[in-house]
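Chains as they are written, first to last, in the numbering used here: chain A, 1 to 289; chain B, 1001 to 1289. Each residue gets a CB set at the ideal place from its N, CA and C atoms; glycine is no exception. Treat the numbers as computed from the prediction; the structure is a model and nothing was measured.
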């Protein structure tokens, strides 16, 4: 049971977590804080949080569980703001899409209390944002990755893990470095490719025709180019090395594909396409969703 | 009214067209031919075609409308096979994803009858194939592009256009060259990017984790990598110039993005992502599907 849950950043991610924990009956009081006053008022109105605090330091005081649910670019500042107010019995976690930079910032701010910080990342979300977009069940069956360091307290990891399990999520642990490499591949690289594709096509004189005559595949590929630009700028800036490495390799791979098409190497093309099709079918046995 | 409709290649595309035209009551008899005997038998059993012909030349004899619904790599051979059997009153059309190479092949095979050939491309389909996957309503609201040449007969274009309108499709015309450039951008390039992405990631040691922890965006982006490898090999080989040009520009664009991430140019990244997001939202007002 969580006595006082504090959510910093009551948006889609934080709001949905609050809804699930309340529905599961595992939390007594939920206090929220965030930058948008209107959003906080709406969160109270919707019953997602019980009350809004005027500052993040005020919000975390006396909380046994603190969830920092702001975009990755804002986590460092929140950590610095709340560090002086964190009690010895509090557990703090976050939901940032990058973990290495968050761990470094938490170590800087929390110092001897760093062991109470459990870096986390629920792999869930929609293109929408704000508490109005929050919903119950967002995390059911989804992965939550925790990246505890060697000096993270075991009981703190356990409490964060238990919290996420109440939402129906599947909790895994790995190192921050592994998380950032895996997510660079599965999430950050695809987002970069989709942004680059839309940005390239929209600069064409005939872009209206290109979009008009596009089929479902194009819509699928470009859907994530509607993701939040600021959030993705910050993910890039916080996971630069891994993302650049992925993009460089991808660019090299495209070079090989261009050469094969240019010289009409049908065998290379068919084998490469078949390998990709086979891999996707094996790795996603249920093709869609 | 079509007196005798001949479908060469009774798969998803040809079968779905036959179903719609029969349902619309605008065809008297449907004769099919294709390479797979089992598929043809199934097509008769399902009532998609009335009877199967033993050869393509036999199938087209006396047909007032011939639809070549085989993959683009096989169209050239079909055109050569049926050319001697095409009557002066027949209209022939195809469904190939590339038009320039098909027009050239038709001109070669049909010679003085070339005016009866109306190059066409319905922008519809699923990852499934074969007549068992065919369904009514596949073309409702979808685009069909016709690319008549200056010497294509106007009445032939009209008849093909009327046929497609009976399926609920929206029919447009443009030049073969414009079609191939627009489709290279909206379809061929995205397919290449998805194939390259899956092929790159699956070669990683941690590829199982990458796929396990992938969210919806990754599934969306890679869905079309499950498309038919032979078909896409042939599209590449038949639209080499336009696809290579697109891929080269995309690779150059990635270079600019890599440089921006590498040097931490947040402003460049946010502006590029915002432009892409804005463009996608404007050009696809109804974000999904």
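Handout entry: Interface positions of the region 1232-1244 of chain B facing chain A (Cβ-Cβ less than 7 Å), listed along the chain
Key = Listed in sequence order: 1232, 1233, 1236, 1237, 1240, 1243 and 1244.
Practice task
For residue 1198 (chain B), collect the residues of the same chain with a Cβ closer than 8 Å to its Cβ; drop the 5 residues on either side in sequence, then sort them by chain order.
Solution key: Hits under 8 Å: 1222 and 1225.
Handout entry: residue 289 (chain A) to residue 220 (chain A) span [Cα, whole Å]
Key = Because residue 289 (chain A) carries a pLDDT of 39, less than 50, the predicted location of this residue cannot be relied on, and the following value inherits that uncertainty. About 11 Å.
Practice task
Can you grab the Cα-Cα spacing for the pair residue 1185 (chain B) / residue 216 (chain A), in whole Å?
Solution key: Each residue's alpha carbon lies about 14 Å from the other.
Exercise for the section: Give a yes or no on whether the minimum CB-CB distance between residue 276 (chain A) and chain B is below 9 Å. Expected result: At least one chain B Cβ lies under 9 Å of residue 276 (chain A).
Practice task
Measure from the C-beta of residue 279 (chain A) to each C-beta in chain B and report whether the shortest distance is under 9 Å.
Solution key: By this cut-off, residue 279 (chain A) is an interface position.
Practice task
Compare the C-beta of residue 150 (chain A) against all C-beta atoms of chain B and say whether one is closer than 9 Å.
Solution key: Chain B, which has no Cβ nearer than 9 Å to the Cβ of residue 150 (chain A), makes this no.
Exercise for the section: Answer with yes or no whether the minimum CB distance from residue 145 (chain A) to chain B is below 9 Å. Expected result: Chain B, which has a Cβ nearer than 9 Å to the Cβ of residue 145 (chain A), makes this yes.
Problem - Reference residue 1113 (chain B), options B:1079, B:1003, B:1176 and B:1028, closest by Cα - result: With distances taken between CA atoms, residue 1113 (chain B) lies nearest to B:1079 out of B:1079, B:1003, B:1176 and B:1028.
Handout entry: Of the residues B:1179, B:1271 and B:1249, the one placed nearest residue 234 (chain A), counting alpha carbons only
Key = The option with the nearest alpha carbon to residue 234 (chain A) is B:1271.
Handout entry: At least three beta-carbon pairs within less than 8 Å, the region 239-249 of chain A to the region 1160-1178 of chain B
Key = Result no; under three Cβ-Cβ pairs closer than 8 Å.
Exercise for the section: Would you mind reading off the limits of the alpha helix (DSSP H) that contains residue 238 (chain A)? Expected result: It spans 229-238 - the alpha helix (DSSP H) in which residue 238 (chain A) sits, taken as one unbroken run.
Handout entry: Proximity of residue 1230 (chain B) and residue 1032 (chain B) at Cβ, strictly below 9 Å
Key = With a cutoff of 9 Å on beta-carbon distance, residue 1230 (chain B) and residue 1032 (chain B) are scored as not near each other.
Exercise for the section: Would you please state the rounded distance, in angstroms, between the beta carbons of residue 1147 (chain B) and residue 1176 (chain B)? I believe it to be under 8 Å. Expected result: Beta-carbon to beta-carbon, residue 1147 (chain B) and residue 1176 (chain B) are separated by about 4 Å, close enough to satisfy the 8 Å threshold.
Practice task
Output yes or no for whether 9 Å exceeds the beta carbon distance between residue 1060 (chain B) and residue 1008 (chain B).
Solution key: Taking 9 Å as the Cβ cut-off, residue 1060 (chain B) and residue 1008 (chain B) qualify as a contacting pair.
Exercise for the section: Kindly list, in the order they appear in chain B, the residues whose Cβ is closer than 8 Å to that of residue 253 (chain A). Expected result: Result: 1196, 1199 and 1200.
Practice task
Run the CB neighbour count on residue 252 (chain A), radius 10 Å, all protein chains shown included, and call it buried at 16 or more, exposed below.
Solution key: Looking at its Cβ environment, which holds fewer than 16 other Cβ atoms inside 10 Å, residue 252 (chain A) is exposed.
Practice task
For the region 205-220 of chain A, enumerate the residues whose C-beta is nearer than 8 Å to any C-beta of chain B, in chain order.
Solution key: Answer set for the region 205-220 of chain A: 206, 207, 208, 209, 210, 211, 212, 213, 214, 215, 216, 217, 218, 219 and 220.
Problem - Test item: CB-CB of residue 1206 (chain B) and residue 182 (chain A) under 9 Å - result: The answer is yes: Cβ separation under 9 Å.
Problem - First and last residue of the uninterrupted alpha helix (DSSP H) at residue 82 (chain A) - result: Residue range 72-82 is occupied by the alpha helix (DSSP H) that includes residue 82 (chain A).
Exercise for the section: Starting from residue 1054 (chain B), trace the beta strand (DSSP E) both ways and give me its first and last residue. Expected result: Unbroken run through residue 1054 (chain B): none, as it is neither H nor E.
Practice task
On the DSSP bridge assignment, give the partners of residue 282 (chain A) in chain order.
Solution key: According to DSSP, which records beta bridges pairwise, residue 282 (chain A) is partnered with nothing at all.
Handout entry: For residue 1243 (chain B), three-class secondary structure by DSSP
Key = Assigned with DSSP and collapsed to three states, residue 1243 (chain B) falls in helix.
Handout entry: From B:1071, B:1066 and B:1108, residue whose alpha carbon lies closest to that of residue 1092 (chain B)
Key = Residue B:1066 is the option with its Cα nearest to residue 1092 (chain B).
Problem - Short Cβ contact (9 Å threshold) for residue 283 (chain A) with residue 1211 (chain B) - result: Going by C-beta atoms, residue 283 (chain A) is nearer than 9 Å to residue 1211 (chain B).
Practice task
Report yes or no: do three or more beta-carbon pairs, one from the region 1261-1271 of chain B and one from the region 1098-1105 of chain B, lie closer than 8 Å?
Solution key: The region 1261-1271 of chain B is not in contact with the region 1098-1105 of chain B.
Practice task
Please name the residue, chosen from B:1121, B:1076 and B:1068, that lies closest to residue 213 (chain A) on a Cα-to-Cα basis.
Solution key: Residue B:1121 is the option with its Cα nearest to residue 213 (chain A).
Practice task
Using the Cα positions of residue 111 (chain A) and residue 130 (chain A), report the straight-line distance between them to the nearest angstrom.
Solution key: Cα to Cα, the separation comes out at about 32 Å.
Practice task
On a CA-only basis, which of B:1239, B:1228 and B:1258 is nearest residue 240 (chain A)? Give me that one, please.
Solution key: Among B:1239, B:1228 and B:1258, the Cα nearest to that of residue 240 (chain A) is on B:1258.
Exercise for the section: Counting only the same chain and skipping the five closest in sequence on each side, list residues whose C-beta sits under 8 Å from that of residue 1021 (chain B). Expected result: So the list reads 1002, 1005, 1027, 1030, 1163, 1166 and 1167, once near-sequence residues are dropped.
Exercise for the section: Answer with yes or no whether the minimum CB distance from residue 1296 (chain B) to chain A is below 9 Å. Expected result: Since the first residue shown for chain B is 1001 and the last is 1289, residue 1296 (chain B) is missing from the structure and cannot be characterised.
Problem - CB contact flag (residue 1052 (chain B), residue 1025 (chain B), <9 Å) - result: If you check the CB distance, residue 1052 (chain B) and residue 1025 (chain B) do not come in under 9 Å.
Handout entry: Bounding residues of the beta strand (DSSP E) (the contiguous stretch that carries residue 93 (chain A))
Key = Annotation for residue 93 (chain A): the continuous beta strand (DSSP E) segment containing it runs 91-94.
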